[in-house]
Structures are given as structure tokens and as C-alpha cells.
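For reference, the structure is listed below as C-alpha cells.
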Amino acid sequence: MAKVNIGLRGWRFDEEVLNEEGRIRPLATLEPEVRQRLLVLADRVVDPCDACWLEYGDGQIEECNVAEVIYGEPGGEVVLCSVHEPDFLYWFREAGGDEYAGDLELQEAFHQWFLDGNRAPDGYEGLEHVDENPTALPDAPTRSEAVPSLEEELQELDDEEKTAMDLDFSDLDV
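In the UniProt record's numbering, the protein residues as written are 1 to 174.
If you want it as C-alpha cells, here you go:
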């Protein structure tokens, strides 16, 4: 079964989360872990890169690059632009960040390492991303375009339906 990225690189989903039109299937039909990842993804897909935001803050948010990749677990995820992805990969591979694999403390630990002035050495190689059709890449999507129909579906759910699906909205702006 093929895997797909939705909105950002990093978290990969089984292709069956999409219907024939390439849209996300109704939340109620998906496994709870997949639903939670999609909800976090919908919230973070148009966020600024965490590292850019740590450098510039809300006061200069226009200087921040839009996130392109997501690492970590929901609730402890890190979103990064291609400029700062090598910093994260260096931290994770070479500076002890791998001890946070699967841990919700990953985000906080990376942020602290970055705030302490640490960076990947010049020329440090990140990941080589291969796009199947790089000339067909669209402009950066809006939140609703990146994760189609998900926000509309969430707005239509009542509290009882959300409870029945065991959704955690505590960290999301939905």
C-alpha cells in the first residue's frame, strides 16, 4: 500500500485515508491515531517554521518561512522550513535528539537546543526529498486547501460526535 504526505512532508499516511477524489475520508471512518494526526496537521500546515519563529517571534512573523515538514508526535511536533530542517536533523542525529524519539518532549527539547544558539554545521546535509512531479507543485496552500474539507467536517460535528470519536482538540485552533 502506498504512503502519502498530506500538506507537509514528514508524517506519511496510508493512501486509503484519501477517497477517489483525493480528499480526506470522513473522520469517523478513520482510526483514532490517524484522526489525531490529521487534526494536528490541519492546525499546523500553514504555521511558520518553529525555528524561524524562535528567531523572529510574533513581532516579525512576516520574516518567518512557512512550514514544509513535520517531525515528532502530535502534541510535541516540530514544523520546519527547508532552511532549518538540517538543524533539526543534526540535533536529532548527532546531538542527542534521538533520545526524544516518540516523546512529547521532543518539541521543547529541540526549541531549547535551538534557543541556546546551536545549529547544524555549515554544509550539513539534510534529507534529499524526491518529488514525483516537481514542476506541478502548487503555491503554498491555505489551511483548508492543504487538508481539504477537514475543517468543514469538524465544524459540523456536535460535542457528542466528537466525544464518540475520542478526539483531542486541546492543542488545536479548531
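Think of the CB as a built atom: it goes at the ideal place given N, C-alpha and C, for glycine as much as any other residue. For clarity, every value in this text was computed on a predicted model and none was experimentally measured.
**Item:** alpha helix (DSSP H) segment containing Asp50, residue limits
**Value:** Asp50 to Tyr56
**Asked** What's the gap between the Cα of Leu39 and the Cα of Tyr56?
**Response** 26 Å
**Message:** By DSSP's criteria, Asn5 is part of a beta bridge. Which residues make up the other side?
**Reply:** Arg12
**DSSP state of Val79 mapped onto helix, strand, coil** = strand
**Buried/exposed call for Tyr124, threshold 16 Cβ in 10 Å** = exposed
**Distance CB(Glu16)-CB(Lys3) smaller than 8 Å** = no
**Message:** Quick check on Val83: buried or exposed, where buried means 16 or more other Cβ atoms within 10 Å of its Cβ?
**Reply:** exposed
**Prompt:** Between the beta-carbon of Arg93 and the beta-carbon of Ala67, is there less than 8 Å?
**Reply:** no
**Item:** Per-residue DSSP class, three states only, for Tyr100
**Value:** helix
**Request:** Sort Gly76, Pro121, Pro86 and Trp11 by Cα distance to Glu105 and report the nearest one.
**Result:** Gly76
**Item:** Cβ-Cβ separation, Asp50 to Val79 (assumed contact under 8 Å), whole Å
**Value:** 6 Å
**Request:** Would you identify the three-state DSSP class for Tyr71, choosing helix, strand or coil?
**Result:** strand
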